[in-house]
Amino acid sequence: MLGFLQKVSNYTKDAISAANYLAQGLSVTFDHMRRRPITVQYPYEKLIPSERYRGRIHYEFDKCIACEVCVRVCPINLPVVDWVMNKETKKKELRNYSIDFGACIFCGNCVEYCPTNCLSMTEEYELSAFDRHSLNYDNVALGRLPTSVTTDPSVKALKELAYLPKGIMDPHEVKANAKRTGDLPKNILKAIKKPSTSQQLSDNTIIDDKQ
Amino acid sequence: MNSGLDLELSFNQAMQGFGISSDIAHILWLPLPMLLVLIAAVVGVLVTVWLERKISAAAQQRIGPEYAGALGILQPMADGLKLLVKEDIIPARADGLLFTLGPILVLVPVILSWLIVPFGQNLLISNVGIGIFLWIALSSIQPIGLLMSGYASNNKYSLLGGLRAAAQSISYEIPLALSVLAVVMMSNSLSTVDIVAQQNNAGFLSWNVWRQPVGFVIFWICALAECERLPFDLPEAEEELVAGYQTEYAGMKFALFYLAGYINLVLSALLVSVLYLGGWGFPIPVNLLASWIGQSPDSALIQVFTGAAGIVMTILKAYLLVFLAILLRWTTPRVRIDQLLDLGWKFLLPISLVNLLVTACLKLAFPIAFGG
Numbered sequence: 028m029l030g031f032l033q034k035v036s037n038y039t040k041d042a043i044s045a046a047n048y049l050a051q052g053l054s055v056t057f058d059h060m061r062r063r064p065i066t067v068q069y070p071y072e073k074l075i076p077s078e079r080y081r082g083r084i085h086y087e088f089d090k091c092i093a094c095e096v097c098v099r100v101c102p103i104n105l106p107v108v109d110w111v112m113n114k115e116t117k118k119k120e121l122r123n124y125s126i127d128f129g130a131c132i133f134c135g136n137c138v139e140y141c142p143t144n145c146l147s148m149t150e151e152y153e154l155s156a157f158d159r160h161s162l163n164y165d166n167v168a169l170g171r172l173p174t175s176v177t178t179d180p181s182v183k184a185l186k187e188l189a190y191l192p193k194g195i196m197d198p199h200e201v202k203a204n205a206k207r208t209g210d211l212p213k214n215i216l217k218a219i220k221k222p223s224t225s226q227q228l229s230d231n232t233i234i235d236d237k238q
Numbered sequence: 064m065n066s067g068l069d070l071e072l073s074f075n076q077a078m079q080g081f082g083i084s085s086d087i088a089h090i091l092w093l094p095l096p097m098l099l100v101l102i103a104a105v106v107g108v109l110v111t112v113w114l115e116r117k118i119s120a121a122a123q124q125r126i127g128p129e130y131a132g133a134l135g136i137l138q139p140m141a142d143g144l145k146l147l148v149k150e151d152i153i154p155a156r157a158d159g160l161l162f163t164l165g166p167i168l169v170l171v172p173v174i175l176s177w178l179i180v181p182f183g184q185n186l187l188i189s190n191v192g193i194g195i196f197l198w199i200a201l202s203s204i205q206p207i208g209l210l211m212s213g214y215a216s217n218n219k220y221s222l223l224g225g226l227r228a229a230a231q232s233i234s235y236e237i238p239l240a241l242s243v244l245a246v247v248m249m250s251n252s253l254s255t256v257d258i259v260a261q262q263n264n265a266g267f268l269s270w271n272v273w274r275q276p277v278g279f280v281i282f283w284i285c286a287l288a289e290c291e292r293l294p295f296d297l298p299e300a301e302e303e304l305v306a307g308y309q310t311e312y313a314g315m316k317f318a319l320f321y322l323a324g325y326i327n328l329v330l331s332a333l334l335v336s337v338l339y340l341g342g343w344g345f346p347i348p349v350n351l352l353a354s355w356i357g358q359s360p361d362s363a364l365i366q367v368f369t370g371a372a373g374i375v376m377t378i379l380k381a382y383l384l385v386f387l388a389i390l391l392r393w394t395t396p397r398v399r400i401d402q403l404l405d406l407g408w409k410f411l412l413p414i415s416l417v418n419l420l421v422t423a424c425l426k427l428a429f430p431i432a433f434g435g
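As given, the protein sequences belong to chains A and B, one line each in that order. Quick note: the first sequence, position 205, residue 232 per our numbering, numbers continuous. Quick note: the second sequence, position 224, residue 287 per our numbering, numbers continuous.
1. Mind checking I43(A): buried by the 16 CB within 10 Å criterion, or exposed?
2. Rounded to whole angstroms, what is the Cα-Cα separation between L186(B) and I179(B)?
3. So who's on the other strand from Y124(A), going by DSSP bridges?
4. Straight-line CA distance for R156(B) to L403(B)?
5. Figure out for me which residue from A318(B), P413(B) and F162(B) has the closest Cα to the Cα of S234(B).
6. So A228(B) and P166(B) are in contact, right, with Cβ under 8 Å, and what is the actual spacing, rounded?
7. For L364(B), I'd like the list of residues in its chain whose CB is within less than 8 Å of its CB, leaving aside the five on either flank, ordered along the chain.
8. Would you call Y220(B) buried or exposed, if buried means 16 or more other Cβ atoms sit within 10 Å of its Cβ?
9. Could you list the residues in the region 44-62 of chain A with a C-beta less than 8 Å from some C-beta on chain B, going in chain order?
10. Can you give me the C-alpha to C-alpha distance between V108(B) and S331(B), rounded to a whole angstrom?
11. So L241(A) is in the beta strand (DSSP E); what residue range does that whole segment cover?
12. Taking Cβ positions only, does A189(A) come closer than 9 Å to chain B?
13. Measuring only the C-alpha atoms, how far is E311(B) from Q138(B)?
14. Name, going along the chain, the residues of the region 285-298 of chain B whose beta-carbon falls closer than 7 Å to a beta-carbon of chain A.
15. Classify T143(A): buried if its beta carbon has 16 or more other beta carbons within 10 angstroms, exposed otherwise.
16. Would T149(A) pass as an interface residue toward chain B - the criterion being a Cβ-Cβ separation below 9 Å?
17. Count the other C-beta atoms from every protein chain shown that fall within 10 angstroms of the C-beta of S212(B), then say buried if there are 16 or more, exposed otherwise.
18. Report yes if the C-beta distance between A286(B) and L239(B) is below 9 Å; otherwise report no.
19. To the nearest angstrom, how far is it from the Cα of M78(B) to the Cα of P94(B)?
20. Answer with buried or exposed for V173(B), where buried requires no fewer than 16 other C-beta atoms within 10 angstroms of its C-beta.
21. Assign Y38(A) to one of three DSSP states: helix, strand, or coil.
22. Report all residues from its chain with a CB closer than 7 Å to the CB of P346(B); omit the five preceding and five following residues, and keep chain order.
23. As a quick exercise: from K186(A), D109(A) and Y86(A), pick the residue whose alpha carbon is nearest that of T66(A).
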């Protein structure tokens, strides 16, 4: 009899705790009701990619010395460097260069190691195509600059969450050309070095970053 | 108790004023409420589909339908229209007759059940004496249709889905019926009108939910299971069964399932409000309000107000429950089939039996509070 009562009481406790958890879950779901949507209406609105965004790779044919470092550092040896040795000048003559973005993982190793800085990463990410072979970009296609989101008249540019002022969650509330939050790394470094004058240093003009 | 607005009587008298006999007036009257309920059910579904999508979006910080009409209000219409013009496919080796009959058998009992939903003292199609029993009986037809369509599709997913739907419907119908029985015992009537009328003596204090809290919870769980709403949507669990018994359906036949599901949800919500939340009753008795502002409860203005408040209250309560169902959808994970049957047979059934017994005891002990 006591065992049975014990069972009943355990069962009741289980049921009550289950109901409790259910209520907790419901309160969480209900709480989400007051959170505003963070939707970006994509084809009409686009986020401004961050400065360090690793998008489609840009390539400058004239700077390239056909050293093939990009091929060696690439995880899958993707860049195709088509060159011939000019016997007379004893120099490499570059004929063609291509990267297949259908296979590229945008790790940026080639950009990192390129000795002449002829490779760079753009903010372009719209690489969908009807035919995957059309993603194999040759040096002409690689040399094209992408349209910037901020200059495209058909697109409303929105700032990413990290670039919004403190306390604002919705990029629609901020103008796209408004000052970015926080300080430039250069100014932060200055402020750390000279703590006494740090209060005045918060100009956000673009300072060219020659190291 | 005054009878309140009686549209049929007024219509009948108006027709007799035109020199039409009472019988013909009755025949003329008949299609009106039928049409009205059909429209109400379909509009209710459109609103529910829109609400479901919008509330789901809000729960996930999305926007939801936006472009079809203001705030996407026309989206369900667009969906329906799309389904209407889609090709009607019957799979090559399916059983054509059963395949067609399935969705009809699912939809018809649900629409028929609207017969007994009261929006006011006389605002229902027919005050059947066995009202709530009729609903339970009708809802038992549904699993046959589900099983039929699952079997006729000639597809293993459909068959599994159909079997699950049948098992689920049958096992949850019993606790459902038992919890209804407890309410029926308290109100001494199977008629939905009597059940509501009995709850409206003292506003929201006399609602059945205070006297039948356990029954209320059981009924709501079972109603969700009957509608195949999310914690219990195994028959169409898309991750495992593609779409269950709906897998092979397209176009209008799929639309029938879709419609039946949502009409059933609205109907269940309406019945919960009828059985437990005082149906058309205003939270504060209208008669009391009338006496506060010095009006006779029989005056025409108060009559119209009572009628309007009845409809608004019934719909408001029902849609609050629909909102709860949608919240539950995004809160609870789907149960497994064994957990589902465990819950039904080992938990809900004994508890609803105990609930029934306790109600019977309380009825004998306190006949005033529990309808002696």
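Quick reminder that beta carbons are idealized off the backbone N, C-alpha and C, glycines included. This structure is a prediction, so every number in the text was calculated from the model and none was measured.
The short version:
1. exposed
2. 10 Å
3. V108(A)
4. 32 Å
5. P413(B)
6. That belief does not hold up - the Cβ atoms of A228(B) and P166(B) are roughly 13 Å apart, past 8 Å.
7. Q358
8. buried
9. L49, G52, L53, V55, T56, F57, H59, M60 and R62
10. 12 Å
11. The structure shown does not extend to residue 241(A), since chain A is modelled only from 28 through 238, so no value can be given for it.
12. no
13. 24 Å
14. none
15. exposed
16. no
17. buried
18. yes
19. 15 Å
20. buried
21. helix
22. G266 and F267
23. K186(A)
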